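Below is one structure; the comments refer to it alone.
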Amino acid sequence: MFKKAAQRVDKVDTVVGPGTEFEGSIKATGIVRIDGKLKGSIETTGDIIIGDQGEVTADVDASNITIAGKIRGNISVKDKTTILQKGVVEGDIDTKSIVIEEGATFKGKCVMGEERKHSSNNQNNQNNKGGKSKAS
């Protein structure tokens, strides 16, 4: 179990390390790990890992996401969203499956399973509804 996680960390392609602050957009094809502060957006065909010291203010799009730190923004995930014990999420989640550990914080809405709209389909689904949207 621990060995598998260690192998995965070795394959991280993009890192915002501890003590680093980044503002802008990240577009990647591999694993993105955030241990510092990021403000903007993240889009990857791989996974996103937000470490326990990570603070993200962004909309994100990925295959999977694991959150041990804090994220404020909407999350669109193709497969699995995991919010670990000390993880904090403030925003809506669109995912195939979700795991929320005891002690984690989630403030938002979650759409999952077959009825969800992964980001690449969001625009098409909205157009099929005649452009109607919820009033705030």
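Heads up, the sequence shown is in numbering that gives the first Met the number 0, so the first residue is 0 and it goes up one at a time. Glycine residues also receive a C-beta, built at the ideal position from the N, C-alpha and C atoms. This one's a predicted model, so the numbers in the text were calculated from it and none came from an experiment.
| Asked | Found |
| --- | --- |
| Using the three-state DSSP reduction, which class does A5 fall into: helix, strand or coil? | Residue confidence is low: A5 scores 43 on pLDDT, short of 50, so the model does not pin down where it sits. No coordinate-derived value is stated. |
| Could you tell me if D46 is buried or exposed, where buried requires 16 or more neighbouring beta carbons within 10 angstroms of its beta carbon? | buried |
| Short of 6 Å in beta carbon distance, which residues of its chain neighbour K79, apart from the five on each side in sequence? Order them along the chain. | N63, S96 |
| Just the Cα atoms here: how many angstroms apart are I99 and S40? | 23 Å |
| Does G18 come out as helix, strand or coil in the three-state DSSP assignment? | coil |
| Going by the DSSP bridge assignment, what does L83 pair with across the sheet? | None; L83 has no bridge partner. |
| How many Å lie between T81 and F105 at the Cα? | 11 Å |
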